[in-house]
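For reference, the structure is listed below as structure tokens.
Residue numbers (this note's numbering), protein chains in the order written: chain A, 2 to 519; chain B, 2 to 519.
Right, here's the structure in full:
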């Protein structure tokens, strides 16, 4: 790639591609001639596609060596390939997929990398030390919010080794069809978030009393791993001993003080990089996502897997069009089968609501040059790097302590639902790439944000943690930024604050509830 | 009803009923003899049903003059009718319903009642004067939260006639199938909430930029009523002029200052009671809900309708079993047809998710004596009083300025979704009855909470605004409490704070999105 950003530049992802994207900030005018001799016959915005050769109507449009669509009319060489010129191909049939037939490239273990983390009794490691208050139902959210405010003001200063106090507020718990076939997803999500490594292993719960999601249903006897011997601590607002509002607040504060006392004993200790559990995600994507930030994340994913860590990639509708790549990369046929089963479930879920995978792309994606979901998916899937896929996690499920390597954690692509489900799976750090720019953040784990473009990194200099735009401008390579991200993750895991943490930007937990509301 | 709470007491709702509920706090022991001679053959908890006569297996169990179920076995007189003894009847078929054939009782207009409200240019009246910041997407929620905190600290004190500043945070806006058939529901809900009378008629919007729910989609040209001539004020975080996080915050604060300046001109003025738009709802119901609080609310509903006000009742699954009562009470056949259409849609929606109306009842309802959804529905529907039903509103729709009287606003029974949809409909006050007890509150409008039982009213003395438990203990009549509530509503509409406002108990807005997530 070029070393000078001012000369006209395009990026072709694969030798077989017949389109490429414009790199230059502000796009390029009609008449621009590239060093190879190719000439633009119309102006093309940054990140948008140009035709490298002339295409006939119905001919394949190829990017990432994948057919992202078919030309809806003749397209001359040098023309801007706008969305309307690209006909969406049918989704890949889920039959006759390649199964576990593409072994991962041989790599050597990556040793000696460590971070300073909070080790829990079950072996998991926190990157932050947080008192989280689980709620069974939205009814208690107002009371918990009042209590959290007071705990932060009156108690937290007395416990210097605890980083924060948060309420795990959500909209589930009552007014929902709790016995519906799909209700297990939101229920296990709330349960498993409560057990996130950053919360120290002992759940504290505030319940109303009459809700459908009773504490005993949220935490059945066997739900708490045996390493964490304690039962959850429960405050029930309808209990007869709470006379008046302040009695409720006092009860929550007194239980919180018990929890804080225990959490305050935790100390950071040296942990191998293999204790990292990273959730990767992209949001507000543009055509550079698949060229800069996501390949850099993919490179870091490979480093993490080599170091023995766990990396989850997700977002069903953003990998659906690459299902053949994923089933081929599965470590075993059973893992490939699990992916196919989950994709089929999601296809059905969308169909039931009268839509398909094409509902994914946003106005911003399109403005950023992504014509459709196939093109978006090809750029999204590269976050998974090149390792073998060693596990599949259904929505809301928790990783077992032995699940290492690259895991496909099945989630919708919605940023908040994906993040919430990755929290439930047990991530202790989140990596989020963005091209259009989003101030996304979570209260429970640090979120490392990676910009796809120099312009965004410059404009949002105090929101983006890593700039992968340097890859497009030729100032850095994918491996440079991949290593930079890897080192930065170890620092953040050890306590360094991300920009989202600095500004306390915290988005809501959003549960995936495919079951009805009542 | 009795005047002494210690003597054994039951309440029979209708002369045709063959069951009644136990009134006494703590329930009654086996062997208790009532003044009528009837003797309990087992202990029965408060609010639970006793058999007034012996019932054969499969015989109808009748409460509210309605068959709430069939006896699963022979039930002796004086026995406790537990949930397992009641077989749920099939849902009423939606064909051959009585249509608009039960005229409302003749009543005289109720004149001379007023409150002090904030009149808007479109004629609607606010009960509070609030700066609300609409969000198009959850992505911006963290930034808006930071901005709201600063606006409250730095700007609000300069505008003494403005009551509060709130962010209209929600989980919709992107990662959703925005073109799905049912997506219009959440979209119009967000739009219409922004136009709630308490917000003064001029929307202020914070947008990310790349989201699916673009500001132009949220507010198409014709969406703002012409009386409110102004276009919404929009801050878009991805706009190129915002360099760095603080530039975003500054832009929001500067727009907020414009809004605050306009809102600060508003003054309370004398408004007739006909300007009230009340949403009624129940949550955490028990067997007393249908005996005390809901009948008192129904009485107040009738007063409000006589005064020319608007009252909305809602909660599909809690009126589904009384559909024949509702269609009979419709003012016109078209209104009855609309109700049937909406009920049929909801039946289908539940079926698609593998459940039916029986998914509604909660453990707390059952503990409180409600055996099933039919019994719960009969108790819920009485909130609607006895007036003719003059309109039907689909979920998320806004009342027209000419919609007066009793409106059936179609919503799920989930407290938060029902409240959110009633806000969108344009309510300026909320009345909420509860038997088990919930600390429910909303940021946008005052919530008046009515307790069904003396014990709850006493225990939650600083959370419940009105005690309807006095009806069961014979200290007050339904009309006494109905009038008390009516007068209290006028005071609250004029500025008196409810307990939920006093403690700042504010639950989340929860959108009803029957369409898929992507």
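Where is the CB? At the ideal position from N, CA and C, for every residue including glycine.
| Asked | Found |
| --- | --- |
| is_contact[residue 355 of chain B, chain A] using C-beta, thresh 8 Å | yes |
| Residue-chain proximity (residue 215 of chain A, chain B), Cβ-Cβ < 8 Å | yes |
| C-beta neighbour in chain A for residue 182 of chain B, strict 8 Å | yes |
| Segment contact, 8 Å Cβ cut-off, at least three pairs: the segment 127-137 of chain B with the segment 186-205 of chain B | yes |
| Under the three-state DSSP convention, the category residue 117 of chain A falls into | strand |
| Residue 406 of chain A - partner residues in DSSP beta bridges | A/311 |
| Segment limits, alpha helix (DSSP H) that includes residue 608 of chain B | Any question about residue 608 of chain B goes unanswered here, given that chain B covers just 2 to 519. |
| Stretch-stretch touch, CB-based, cutoff 8 Å, three pairs: the segment 496-512 of chain B with the segment 143-154 of chain A | yes |
| Per DSSP, cross-strand counterpart(s) of residue 220 of chain A | According to DSSP, which records beta bridges pairwise, residue 220 of chain A is partnered with nothing at all. |
| Cutoff 8 Å: residue 209 of chain B Cβ touching any chain A Cβ | yes |
| Neighbour-count burial assignment, residue 159 of chain B, 16 or more Cβ in a 10 Å radius | exposed |
| Secondary structure of residue 389 of chain A, DSSP reduced to three states | coil |
| Cutoff 8 Å: residue 349 of chain A Cβ touching any chain B Cβ | no |
| Contact under 8 Å by Cβ, residue 424 of chain B with residue 446 of chain B | yes |
| For residue 457 of chain A and residue 475 of chain A, the rounded distance between their alpha carbons | 16 Å |
| Three-state class that DSSP yields for residue 428 of chain A in the structure shown | coil |
| Stretch pair the segment 241-261 of chain A + the segment 461-470 of chain B: three plus CB contacts closer than 8 Å | yes |
| Contact set for residue 365 of chain A: own chain, Cβ-Cβ below 7 Å, skip 5 residues either direction | 285, 437 |
| CB contact flag (residue 70 of chain B, residue 90 of chain B, <8 Å) | yes |
| Top-ranked residue by Cα proximity to residue 254 of chain A, from A/154, A/328, A/471 | A/154 |
| Residue range of the unbroken beta strand (DSSP E) whose run includes residue 68 of chain A | 67-72 |
| Own chain, CB closer than 6 Å to residue 282 of chain A, minus 5 neighbours either side, in chain order | 419, 433 |
| Cβ neighbour criterion (16 or more within 10 Å) applied to residue 96 of chain B | exposed |
| Backbone secondary structure at residue 273 of chain B - three-state DSSP | strand |
| At least three beta-carbon pairs within less than 8 Å, the segment 14-31 of chain A to the segment 61-75 of chain A | yes |
| Residue interval of the alpha helix (DSSP H) (run including residue 344 of chain B) | 334-353 |
| Min CB distance residue 222 of chain B to chain A below 8 Å | no |
| Residue range of the alpha helix (DSSP H) that includes residue 327 of chain B | 324-330 |
| Buried or exposed by the 16-neighbour rule on C-beta atoms within 10 Å, applied to residue 270 of chain A | exposed |
| Close Cβ partners of residue 345 of chain B (< 6 Å) along its chain, the five nearest in sequence each way excluded | 95 |
| Reduced DSSP category for residue 111 of chain B - H, G, I as helix; E, B as strand; rest coil | coil |
| Classification of residue 24 of chain A by the beta-carbon crowding that lies within 10 angstroms, buried from 16 upward | buried |
| Minimum Cβ-Cβ distance from residue 506 of chain A to chain B less than 8 Å | yes |
| Same chain, Cβ closer than 6 Å to residue 1 of chain A, five either side skipped, listed in chain order | Lying before the first or after the last residue shown, residue 1 of chain A is absent from chain A, which here runs from 2 to 519. |
| Chain A within 8 Å of residue 368 of chain B, Cβ atoms only | yes |
| Sub-8 Å separation of residue 114 of chain A and residue 491 of chain A beta-carbons | yes |
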